[in-house]
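Trainee: Sequence order for the protein chains is X and W.
Per UniProt numbering, residue 1 is the first one in the first sequence, and the count goes up by one each step.
Per UniProt numbering, residue 1 is the first one in the second sequence, and the count goes up by one each step.
The structure under discussion is supplied below as structure tokens; questions concerning it will follow.
Protein chains: 2
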Amino acid sequence: MRVLVVEDERRMAAALQRGLQAEGFAVDLAHDGEEGLHLARVGDYDVVVLDIMLPRISGYNVCKQLRAEENWVPILMLSAKDGEYDMADGLDLGADDYLTKPFSYVVLVARLRALLRRGANRRPAVLRAGDLTLDPARRRVSRGQQPIELTPREFALLEYLMRHHDEVVSKSEILEHVWDTFDTDPNVVEVYVGYLRRKVDAPFSRNALQTVRGAGYRLAGDGG
Amino acid sequence: MRVLVVEDERRMAAALQRGLQAEGFAVDLAHDGEEGLHLARVGDYDVVVLDIMLPRISGYNVCKQLRAEENWVPILMLSAKDGEYDMADGLDLGADDYLTKPFSYVVLVARLRALLRRGANRRPAVLRAGDLTLDPARRRVSRGQQPIELTPREFALLEYLMRHHDEVVSKSEILEHVWDTFDTDPNVVEVYVGYLRRKVDAPFSRNALQTVRGAGYRLAGDGG
DNA sequence: ACAGGTTCTCAGCGGTCTCTCAGTGCCGCT
DNA sequence: AGCGGCACTGAGAGACCGCTGAGAACCTGT
């Protein structure tokens, strides 16, 4: 099992490395967020241990970035005791578990094994774009804490846009994937985009659902 | 699995060859950038290990050249420890991963395997010419950090020029590929080049979009 | 059969984009 | 210096695109 440990404190990092190697893990170290992000991208690890306080890029952002890239490697976050960061935020960003310093090896190893058992690549149930979330299984949509009611067609359209958030999708692509036809009047897409805007953007003064004239639509990943 | 190792230091090259062969790779060696570029072009390798400091053509330029030719073979770059070159630049130029000397075989082989798993031919999302970037999927253009708004026709024209940056493209070529006609008044190209200059060059005091009198236009690859 | 909700069509509008045209400027050649 | 040709630019007309309100068709459960 390959573990990536991202931790800037040298002594802590070395201790973790020794401890985990003794447990039979293959351990790589990264000493700042940038290196950690890079290694996590290319290294094909089974699990990542990620400190929050890091030089260059914070652990938060490393995690966020990886998830944005559809990289679902299990992540265990480490935080200092003083609660400057709220660990719940970490879980929101896509971490799978967390530990507060100081902690014992026994606990760390137990948590890691639990993560490995639960298995990697479990794509999270919900889609996110900024504070907009959509849960395909439960058919629920909300902006922040506020739930939003959508009709089936509206839901399907938003789901498609969220699966391609930040990309521009053309009306014909949308027709093909959401309406399952290709020779329909594209105006129906315009109408439904209008409906969606009135439900997911306008009440919150957002502009996530953007028109790209001559090309299609783009759902801004950061909520616009 | 076929690996091309481009490395001028004889002892290092031989050591890499032996080490990788022991891992079951078929290894070819090149001892300068020119030879490396040539072999990479014709050799159909699964992965290329490319030193940065090379005689004749630097590893940077080998990489850049290959990518410019739409050759997306996975490239792992090697750099000396002293950070004369910033490895981030290497990634910008289209390398897929990098290692800093000295490194262990274990790490090298792990990274190579990771690269091979991830697979080649993952065409990079964005086009670059100096600090000008264009992302076809996201339909975004920016000069440095500054985003630029373009109309569909302007976008299509700039995309075509960027795909042929540093080359001279004639107005008739442009008409054929961007307007999809060939018997239109070439003046429309002049008009749109003018529009583009006002958006991507003038506000930044650049001159990337150059006129080649009697021949066409050239987009300078380094931002002019 | 009816009510309520959903899907889709249609036509009009406002704004943007595209392209043409004509006049001007610039370059290279003799 | 003068000339011819090539490239640039401002203005404007028309086409095109996307948005919206209204309403018809449809579907579903009572």
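C-beta atoms are modelled at their ideal positions from N, C-alpha and C, and glycine is treated no differently.
1) Grab the span of the alpha helix (DSSP H) containing M12/W for me, first residue to last.
2) Count the C-beta pairs between the stretch 52 to 59 of chain W and the stretch 6 to 17 of chain W that are closer than 8 Å, then say yes if the count reaches three, no if not.
3) Would you check if there are 3 or more beta carbon pairs closer than 8 Å linking the stretch 13 to 21 of chain W to the stretch 193 to 205 of chain X?
4) Taking DSSP as the reference, what is the three-state secondary structure of N121/W?
5) Since H177/W and Y160/W are thought to touch, with beta carbons under 8 Å apart, how far apart are those beta carbons, to the nearest angstrom?
6) For G221/X and chain W, any beta-carbon pair shorter than 7 Å?
7) Nearest to N187/X by CA position, among T181/X, R197/X and K171/X, is which residue?
8) Name the residue from L116/X, V193/X, L134/X and V191/X whose alpha carbon lies nearest to the alpha carbon of V47/X.
9) Beta carbon of Y192/W, beta carbon of L150/W: below 7 Å?
10) Run through the DSSP bridge pairs and tell me what G216/W is partnered with.
11) When the distance is taken between beta carbons, is H165/W closer than 7 Å to G221/W?
12) Relative to chain W, which residues along the stretch 181 to 204 of chain X have a C-beta separation below 8 Å, given in chain order?
13) Run the CB neighbour count on G214/W, radius 10 Å, all protein chains shown included, and call it buried at 16 or more, exposed below.
14) Helix, strand or coil: which one does DSSP assign to V178/W?
15) For the candidate residues V109/W, G94/W and S79/W, whose alpha-carbon lies nearest to that of A125/W?
16) By the criterion of Cβ-Cβ separation under 8 Å, what are the contact partners of V168/X in chain W?
17) According to DSSP, is P203/W part of a helix, a strand, or is it coil?
18) May I ask you to list, following chain order, the residues of the stretch 35 to 59 of chain X that have a beta carbon less than 7 Å from some beta carbon of chain W?
19) What's the call for F103/W, buried or exposed, on a 16-neighbour Cβ count within 10 Å?
20) Could you compute how far the alpha carbon of L108/W sits from the alpha carbon of K101/W?
21) Could you check which residue in P74/W, H31/W and W72/W has the C-alpha nearest to that of S58/W?
22) For V193/W, which three-state DSSP category applies?
23) Check the DSSP bridge columns for V6/W and list the partner residues they point to.
24) Applying the 10 Å Cβ sphere with the 16-neighbour rule, what's the burial state of F155/W?
25) Out of curiosity, what's the CA-to-CA distance linking N121/W and W72/W?
26) By DSSP, does G223/W sit in helix, in strand, or in coil?
27) Contact defined as beta carbons within less than 8 Å: I believe G36/X pairs with V62/X. What is the distance between those atoms, to the nearest angstrom?
28) If you run the structure through DSSP and keep just helix, strand and coil, what is P147/X?
29) Name, please, each residue of chain X whose Cβ falls closer than 9 Å to the Cβ of A114/W.
30) Of all the CB atoms in chain W, is at least one closer than 7 Å to the CB of G214/X?
31) Decide if P152/W is buried, meaning its Cβ has at least 16 other Cβ atoms within 10 Å, or exposed.
32) Taking the C-alpha atoms as reference points, what is the distance between A13/X and V106/X?
33) For R111/W, which residues in chain X fall below 7 Å Cβ to Cβ?
34) Return the CA-CA distance between N207/W and E190/W, expressed in angstroms with no decimal places.
35) From the DSSP secondary-structure annotation, give me the bridge partner or partners of S79/X.
36) Measuring alpha carbon to alpha carbon, tell me which residue in T211/W, D183/W and Y98/W is nearest E167/W.
Mentor: So, from the data block:
1) R10 to A22
2) yes
3) Cβ pair count under 8 Å is below three, so no.
4) Below a pLDDT of 50, predicted positions are generally treated as unreliable, and N121/W, at 46, falls in that range; the measurement from the model is reported next regardless. Coil, per DSSP.
5) 5 Å
6) no
7) K171/X
8) L116/X is the residue among L116/X, V193/X, L134/X and V191/X whose C-alpha sits nearest the C-alpha of V47/X.
9) no
10) For G216/W, which the question treats as bridged, DSSP gives the partners V212/W.
11) yes
12) none
13) Classification of G214/W: exposed, given that the 10 Å Cβ count is below 16.
14) helix
15) G94/W
16) In chain order: A137, R138 and R139.
17) Helix at P203/W.
18) V42, G43 and D44
19) exposed
20) Here the alpha carbon of L108/W sits roughly 11 Å from the alpha carbon of K101/W.
21) H31/W
22) In this structure, DSSP gives V193/W a helical state, which the three-state scheme calls helix.
23) A30/W and L50/W.
24) buried
25) Bear in mind that the predicted position of N121/W carries a pLDDT of just 46, short of 50, making it unreliable; the figure below should be weighed with that in mind. Each residue's alpha carbon lies about 5 Å from the other.
26) The pLDDT assigned to G223/W is 49, lower than 50, so where the model puts this residue is not dependable, and the model offers no usable value.
27) 6 Å
28) strand
29) V42, G43 and D44
30) G214/X counts as touching chain W.
31) exposed
32) 16 Å
33) Using a Cβ-Cβ cut-off of 7 Å, R111/W is close to V42 of chain X, given in chain order.
34) If you take the alpha carbons of N207/W and E190/W, they lie about 15 Å apart.
35) Residue pairing of S79/X in beta bridges, as defined by DSSP: T100/X.
36) Residue T211/W is the option with its Cα nearest to E167/W.
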